Ligand code: GLN
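Residue numbers (this note's numbering): 2 to 197.
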């Protein structure tokens, strides 16, 4: 029952480029809702954790008890998609330096691993199970995924490194699909909402 109801995508909006995810979902034509407080989880079917600065985001996540709410949402087998800082938040282990995290996905990530802002880049990555064409990937002070657990599937690589990974309903990208005109990665994530 209720499967015909339109799915609403929550976008964590405490800091970072949440507005670009909203613009992407508008282009695709999917309803979204900004999540700033715990009560905003009401009525959402999936959640996007945007790029930004994890150190700042973590402050809000703790102060507003959002960390526990996100963990409970993911434990309920709801789809969660993290991009860049969002992927860092989702990791089980964070290096450079070690910091708090939600620990949703069995990956280890190294923050700012490509170098400084000036080392940010646009690359052409390969996600063979998601797209036949190479995908334009924007990396901004991005992390590198240094370890993936047995339950984690690598869906995309660039420069030989894993950049798009999946664990059940969880998806994490070290790049920013919301910053290009390419809807492929968001559409792939939205498929995860079909049966929930
Ligand atoms: N450097 C940021 C961090 O470590 C992530 C950057 C991003 O989201 N573009 O929190």
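Backbone N, C-alpha and C define an ideal beta-carbon position, used for all residues, glycine too.
Here the structure is a predicted model, which means the values were calculated and not measured.
- Which word fits residue 17, buried or exposed, when buried means at least 16 other C-beta atoms lie within 10 angstroms of its C-beta? buried
- Please work out which residues of its chain come closer than 7 Å, Cβ to Cβ, to residue 156, disregarding the five sequence neighbours upstream and downstream, and give them in chain order. 128, 130, 131, 165, 166, 167
Q. Taking the alpha-carbon positions, what's the residue 3 to residue 143 distance?
A. Reliability of the predicted coordinates at residue 3 is poor, the pLDDT of 48 falling under 50, and no value is obtained from them.
With 16 other Cβ atoms within 10 Å as the buried cut-off, status of residue 163: buried
Could you tell me whether the segment 172-191 touches the segment 18-38, where touching means 3 or more Cβ pairs closer than 8 Å?
yes
* Are the segment 135-149 and the segment 74-83 in contact at 8 Å, needing three or more beta carbon pairs? -> no
task: Could you name the residues of the same chain whose beta carbon sits closer than 8 Å to that of residue 54, not counting the 5 residues immediately before and after it, in chain order?
output: 16, 17, 86
Is DSSP giving residue 148 helix, strand or coil here? strand
Nearest neighbour of residue 22, chosen from 83, 67, 61 [CA to CA]: 83
Inset, instruction - Let me know the secondary structure DSSP gives residue 100 once reduced to three states. - result: coil
_Measuring alpha carbon to alpha carbon, tell me which residue in 6, 149, 161 is nearest residue 94._
149
Selected residue, minimal CA-CA separation from residue 40, among 69, 115, 183 = 69
- [ ] Would you kindly check if the distance between the Cβ of residue 20 and the Cβ of residue 106 is under 8 Å?
- [x] no
#### Entry: Same chain, Cβ closer than 8 Å to residue 218, five either side skipped, listed in chain order
Here the chain comprises residues numbered 2 to 197, so residue 218 is not present and cannot be evaluated.
TODO: Go through its chain and collect everything with a Cβ distance to residue 122's Cβ below 6 Å, but skip five positions before and after it.
DONE: 140
C-alpha gap between residue 103 and residue 135, whole angstroms | 31 Å
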